[in-house]
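J.: The following block contains the structure, expressed as structure tokens.
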Amino acid sequence: MPLELRMSHTDRRTFLQKSLAAGAVAASGASFSSFANAMRPGKRLEVAAVRFGTMADVGENGGSHLGHVISKVAGPLKTTVMLLKDGELRTCIVCFDGALPLKYTKKMISRELGMALENIVIFTSHNHSGAPTGGTTVPGENFYNVDRNDPKYDAPLTPFGQRVFAELTASVRRLPGMLEPVSVWHAEGTEGRITYNRKGRRADGSTYFMREEDRVLIDKDFNGDIDRQAPVVVFRNDRDKAVAALVQFTGHPVTSYKPEDPVVFGEWPQIATDIVARELANGGEPVPVGFLQGCCGDVNSKEMFTGGVERATEFGEMLGESYVKALQDLRLSERDGMSFTVESVPVPCGPLPSLGILKDEIAEMHDFIKRADAGREDTLDCVGLNFPRALSPKYRGALVKSILPWSEWALDLRKTGRADTVLKSVDLPTHVFRIGDVGIIGMQCEPFQGIGRRMRELSPTALTIPCGYANGSQGYFTDSANTGDREYMSSFYRYTSFRPPFKAPAGDVVADRAVQILRQS
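Just so we're aligned, residue 19 is where the sequence shown starts under the working numbering, counting upward by one.
Here you go:
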């Protein structure tokens with residue numbers, strides 16, 4: 019039976035007395051906020067948080083497929099680290115504007131806090147305008163066709179990485195002494211101006227990756243089927259002061275992204291988060307706020323490759339405005355405390371393509387790569403993938419070279435009669451928090467919107483926040499409805515080493531299991 023239903027006679031009497039008192043307060047015109055503070059449940063949850071920014075370096079590798087280096091640093095990348103404690107249960111949440119070396123980061127935090135590795139969850143905004151930290155950054159198994167023995171994946175920290183971890187380590191050490199009891203408040207705003215659904219559908223039923231040049235052909239304001247939820251969770255102490263907060267939104271932060279001329283910038287999530295931090299501060303020091311990325315597998319921010327830092331800033335201001343509006347409707351959680359579960363959920367896989375399809379596609383890829391390397395501008399489509407003119411032919415060719423090994427692997431299995439030996443499922447680590455009345459579900463992947471929508475639809479919590487990019491990523495995971503298509507996101511298995519295609523219900527099983535965990539929390 020839920021805790022709130024297990025009330026003794028004394029508890030019921032006290033509750034009725036407080037209810038009558040609430041009516042008297044309202045009738046007298048007294049401040050209800052002060053009464054609400056007295057009415058809060060006994061606070062078991064304690065929270066502490068720190069936020070800081072770190073400047074990157076011009077000339078470092080910018081994550082380009084062709085080795086382009088960072089040409090401009092438009093501002094710091096920011097980190098928020100948060101410690102949550104409920105009795106003996108402690109968890110640590112890290113939110114970063116770029117990508118952190120997962121094992122390196124978790125080991126450091128575990129060592130400093132004496133905390134189990136599995137209780138540390140690192141969320142990234144999936145900002146495409148980040149900077150390299152160095153450290154052990156090798157992609158996880160079944161993710162991207164890369165040589166995992168390449169020394170670059172086990173390199174020492176870059177100068178930028180050294181600065182990030184010096185500040186992060188110092189911040190983590192401060193957290194235990196900063197813990198204070200909090201109440202949990204939540205609200206949900208709406209924002210529909212800055213993102214669009216990037217999975218296009220042609221008249222013949224085929225799908226394509228809708229880049230900016232495709233989007234504006236439909237309409238300059240086109241956004242399609244997008245998640246508009248902009249949730250906010252605020253932690254307030256006994257003096258009604260906000261000590262930390264979390265926000266979430268759904269969309270790849272790619273407005274300032276320039277893969278062949280890399281710029282470092284925290285993108286619109288950082289701008290929006292900073293606006294919330296200042297708003298909650300009421301003129302004081304900005305409150306530490308962390309950004310959680312939603313299920314944006316099929317959602318981009320507008321103006322990819324074209325918007326630049328200026329438009330990314332404007333988009334952040336729009337989202338920040340939506341968060342600030344939501345803050346006017348904050349609700350106090352009826353429940354207190356926290357629960358946390360991490361579980362690997364098996365996502366079902368299907369069969370490999372036929373021998374004939376694989377042979378034809380490999381031939382098509384070789385021809386495409388040859389033409390792209392020769393600088394041919396007509397290299398815009400290959401084996402279901404489509405590419406924008408904003409990328410050079412050579413860069414397009416590099417993207418196709420990345421999927422060739424998968425097809426050669428699958429062809430070899432077909433030729434040798436071993437096609438039935440492939441994975442039958444992929445385990446997806448899923449992190450489930452129940453914080454007050456709020457459920458936060460972090461998945462180690464780039465989930466499609468449908469997975470998050472299923473979570474919200476079935477969840478028992480007053481507010482449910484589905485998130486991707488939790489403790490790294492295994493690439494795109496489709497919901498049932500988007501499984502089997504051929505555009506980049508839905509057929510991402512071709513960029514792995516080596517994972518077969520998903521089959522329905524695909525990522526829906528993750529939603530179902532996460533909701534079961536929330537119901538038991």
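Every residue, glycine too, gets a C-beta built ideally from N, C-alpha and C. What you are looking at is a predicted structure, and each value in this text was computed from that prediction instead of being measured.
In this structure, what does DSSP give as the bridge partners for residue 461?
T.: Looking at the DSSP assignment, residue 461 forms a beta bridge with 448.
J.: Is it true that the CB of residue 505 sits closer than 8 Å to the CB of residue 368?
T.: No. Outside cutoff.
J.: Skipping 5 residues on each side, what residues in its chain have a beta carbon closer than 8 Å to that of residue 126?
T.: So the list reads 183, 186, 187, 190, once near-sequence residues are dropped.
J.: Under three-state DSSP, which class holds residue 361?
T.: Residue 361 falls in the strand class under three-state DSSP.
J.: Within 10 angstroms of its Cβ, does residue 430 collect 16 or more other Cβ (buried), or is it exposed?
T.: Burial call: exposed.
J.: Checking 8 Å against the spacing of the C-beta atoms, do residue 65 and residue 262 come in under that value?
T.: Taking 8 Å as the Cβ cut-off, residue 65 and residue 262 qualify as a contacting pair.
J.: Decide if the region 368 to 377 is in contact with the region 428 to 442; the criterion is three or more beta carbon pairs, one per stretch, under 8 Å apart.
T.: Yes, since at least three Cβ pairs between the region 368 to 377 and the region 428 to 442 fall closer than 8 Å, the two stretches touch.
J.: Distance, Cα to Cα, residue 485 vs residue 469?
T.: When rounded, the distance between both Cα atoms is 10 Å.
J.: Short of 8 Å in beta carbon distance, which residues of its chain neighbour residue 75, apart from the five on each side in sequence? Order them along the chain.
T.: The answer, listed in chain order, is 88, 91, 149, 176, 177, 178.
J.: Taking the alpha-carbon positions, what's the residue 287 to residue 271 distance?
T.: Each residue's Cα considered, the two are about 7 Å apart.
J.: Could you check whether the region 351 to 362 touches the region 447 to 459, counting it as contact only if at least three pairs of C-beta atoms, one from each stretch, sit closer than 8 Å?
T.: A contact exists between the region 351 to 362 and the region 447 to 459.
J.: Could you compute how far the alpha carbon of residue 349 sits from the alpha carbon of residue 265?
T.: Roughly 15 Å between the two C-alpha positions.
J.: Quick one: measure Cβ to Cβ for residue 62 and residue 105, integer angstroms, because I've assumed they're closer than 8 Å.
T.: About 6 Å separates the two Cβ atoms, so the contact holds.
J.: Out of curiosity, what's the CA-to-CA distance linking residue 235 and residue 98?
T.: Approximately 39 Å between the Cα atoms of the pair.
J.: Quick check on residue 292: buried or exposed, where buried means 16 or more other Cβ atoms within 10 Å of its Cβ?
T.: Its Cβ being crowded by 16 or more others within 10 Å, residue 292 is buried.
J.: Return the first residue and the last residue of the alpha helix (DSSP H) that residue 123 is part of.
T.: Looking at the DSSP string, the run of the alpha helix (DSSP H) that includes residue 123 is 120 to 131.
J.: With burial defined as no fewer than 16 other Cβ atoms inside 10 Å of the residue's Cβ, what is the status of residue 215: buried or exposed?
T.: Classification of residue 215: buried, given that the 10 Å Cβ count is 16 or more.
J.: Do residue 446 and residue 528 come within 8 Å of each other at the CB atom, strictly closer than that value?
T.: Result yes, Cβ atoms of residue 528 and residue 446 sit closer than 8 Å.
J.: Suppose the cutoff is 7 Å on Cβ atoms and the five residues either side in sequence are ignored; what does the same chain contact list for residue 627 look like?
T.: Residue 627 falls outside the range modelled here, since the chain spans only 19 to 539, and no answer is possible.
J.: Could you pull out every residue in the same chain whose Cβ sits closer than 8 Å to the Cβ of residue 498, ignoring the five residues on either side in sequence?
T.: 468, 522, 523, 524, 525, 526.
J.: If you reduce the DSSP assignment to three classes, tell me which class residue 204 lands in.
T.: Note: residue 204 maps to strand in three-state DSSP.
J.: Quick check: what's the CA-CA separation for residue 339 versus residue 206?
T.: Their Cα atoms are separated by approximately 13 Å.
J.: In three-state DSSP terms, what is residue 180?
T.: Here residue 180 sits in helix by DSSP.
J.: If you follow the alpha helix (DSSP H) that residue 425 is part of, which residue opens it and which one closes it?
T.: Looking at the DSSP string, the run of the alpha helix (DSSP H) that includes residue 425 is 422 to 433.
J.: With DSSP collapsed to three states, give me the class of residue 329.
T.: Residue 329: helix per DSSP, three-state reduction.
J.: Taking 8 Å as the cut-off, decide whether the C-beta atoms of residue 84 and residue 412 are in contact.
T.: Cβ distance < 8 Å, so residue 84 and residue 412 count as in contact.
J.: Just to confirm, is the Cβ distance from residue 326 to residue 290 under 8 Å?
T.: Not a contact, by the Cβ cut-off of 8 Å.
J.: Use the C-beta contact count for residue 491: other C-beta atoms within 10 angstroms, 16 or more gives buried, fewer gives exposed.
T.: Under this definition residue 491 is a buried residue.
J.: Would DSSP call residue 39 helix, strand or coil?
T.: Caution is warranted here: a pLDDT of 38 is assigned to residue 39, below 50, making its placement in the model unreliable, and the coordinate value is therefore given only provisionally. Note: residue 39 maps to helix in three-state DSSP.
J.: Taking 8 Å as the CB-CB limit, is residue 243 close to chain B?
T.: Among the chains of the structure shown, chain B does not appear; only one protein chain is present.
J.: Let me confirm a value: residue 21 is counted as buried when at least 16 other C-beta atoms fall within 10 Å, else exposed. Which label applies?
T.: Bear in mind that the predicted position of residue 21 carries a pLDDT of just 34, short of 50, making it too unreliable to give a figure here.
J.: Does the Cβ of residue 519 have 16 or more other Cβ atoms within 10 Å, making it buried, or fewer, making it exposed?
T.: Buried, because 16 or more other Cβ atoms sit within 10 Å of the Cβ of residue 519.
J.: Looking at the structure shown, is residue 252 part of a helix, part of a strand, or coil, going by DSSP?
T.: Residue 252 falls in the strand class under three-state DSSP.
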